[in-house]
Each structure stands twice: as structure tokens, then as C-alpha cells.
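Here is the structure we will look at, set down as C-alpha cells.
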Ligand SMILES: [Zn+2]
């Protein structure tokens, strides 16, 4: 579960590394003549979609995102929440480690595992039908709608990126394996050359020792034969 809100400038880590660009514009609040602040709904919606896309792309780096839900609830326990479901627990764990404590538009994200696993059950059906009488303080999730075509196109892009990364990783692994094999082979050849060199030397040595032995034998004999 991520806690953040739409409006953006940068995803960044508090230490400054790992940052990526995000839209510059944040929700525009027009202060009309009556002093009443009116949110430019169109701009806010556009910013929300950019925020959603930023987050989707960033989270997809950890694995396959099965669902990303940004809620509009105003209750203390739900305000600013974003839920991301990964296809794999390890991916979720990686995302939690890396994303927790990073900043989006100067706002720190606090990431934790979510008890919500079934979003169909958790979301407010009345809100989906534009008829929730409980409003922002409803206890069911008011999931902000995102055009299906945007999600599909991001899914396809992220899947293509993942496949490319996987292929690159595999090619790198194959290359490393080949290099290891090659170096092992060279080592073995060096060893073989050395040992054949040594054995030819030792053959030479031993043959000269044989000769020397014969000589010394002769010497011995000559000594023994000498009075
Ligand atoms: Zn509701």
C-alpha cells in the first residue's frame, strides 16, 4: 500500500538517488472572485492520470502489476492511499523495500503490506455507480476510475519492457557462462601445457640421470675395481 496523492514533480529517494521525471503541474486551484477555491477538475483529472501512469511504470519495474488502485476516500485511515497488487510476493517485497521512504513531488511515500487482497469486495459499488450517499468518508474504497485503454496500453508497454529486460539478462548470463567456460578451458590448456612441458623436462632429467647413474655406476665400479 502506498500513501501519496496526485500532483507531482519527481519520484525521488530521500538520499537523492533514483529519480524520474513526473509532470510539473499540480492541481490548479482557481481562487474565483467570491473567495471560494474551485479545483480545475479537468486539470486535476489530467494530473491524476499522469500520476497513475508514473506510478504504474515505476511499480512495473518490480514485476507484473495486477492491479493499481488510487482511492478518493477522505477518512483518516484511507486518505491518500494507493494499492498495488503484484503477481508475486517477492515482487511486492522488492517494491516495498525500494519505494518506502521515496518522495513524489516532495511528499514522502510510506509503503506497507496491505490487508486488502480482494479489491472487488473492498470497493464501494455505490461509488462505482456514482451513487454513494456516504461520500468521501465511506468505509469502502472509492477507487478513482482510470480508462481501460490507458491500463491496457501500459500493461503492454511494461510487459514488452519486462520481456526485453529478461532477454537482455538471459543474454548476459549466457555470455558470462560462455566466458567462464572459455577461461576454464584456457586454464586447463595452460595446465596441460605446463604438465607436458614438465614431464618432457623430467623425462630429459631422468634420462640424463640415467646416464649419470650409469656413469656413477661406472665410477662405482672403477672405484671398486681400484685397489
Ligand atoms: Zn462509498
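In full-length UniProt numbering, the protein residues as written are 1 to 227.
No residue lacks a Cβ here, since even glycine has one placed at the ideal position from N, Cα and C.
(1) Contact between the segment 70-81 and the segment 127-147 is defined here as three or more beta-carbon pairs at a separation below 8 Å; is this criterion met?
(2) Closest to residue 121 by C-alpha separation, out of 93, 143, 41, 43, would be which residue?
(3) Going by CA-CA distance only, name the one from 70, 109, 117 that's closest to residue 87.
(4) Give me the pocket residues for ligand 1, defined as CB within less than 7 Å of any heavy atom, sorted by chain position.
(5) Applying the 10 Å Cβ sphere with the 16-neighbour rule, what's the burial state of residue 69?
(6) Spatial neighbours of residue 126 within its chain, please: CB distance less than 6 Å, with the 5 preceding and 5 following residues excluded, ordered by chain position.
(7) Which stretch, first to last residue, makes up the beta strand (DSSP E) that contains residue 112?
(8) Can the beta-carbon of residue 65 be found closer than 7 Å to that of residue 81?
(9) For residue 49, report the span of its beta strand (DSSP E) as first-last.
Answer, in terms of the structure:
(1) Here the segment 70-81 makes contact with the segment 127-147; the two share three or more CB pairs at distances below 8 Å.
(2) Looking up residue 121 in the chain shown gives position 121. Answer by Cα proximity: 143.
(3) On the chain shown, position 87 is the one that residue 87 refers to. Nearest option by C-alpha distance: 117.
(4) Taking every residue with its beta carbon within less than 7 Å of a heavy atom belonging to ligand 1 gives, in chain order, 124, 126, 127, 132, 134, 138, 140, 142.
(5) On the chain shown, position 69 is the one that residue 69 refers to. Per the 10 Å Cβ criterion, buried.
(6) As a position in the chain shown, residue 126 is number 126, starting the count at 1. Cβ within range, chain order: 132.
(7) Translated into the one-based positions of the chain shown, residue 112 becomes position 112. Where residue 112 is concerned, there is no enclosing beta strand (DSSP E), given that its DSSP letter is neither H nor E.
(8) For this step, residue 65 is matched to residue 65 along the chain shown. For this step, residue 81 is matched to residue 81 along the chain shown. No. Outside cutoff.
(9) As a first step, residue 49 must be located in the chain shown, where it is residue number 49. No beta strand (DSSP E) holds residue 49; the alpha helix (DSSP H) holding it covers 41-60.
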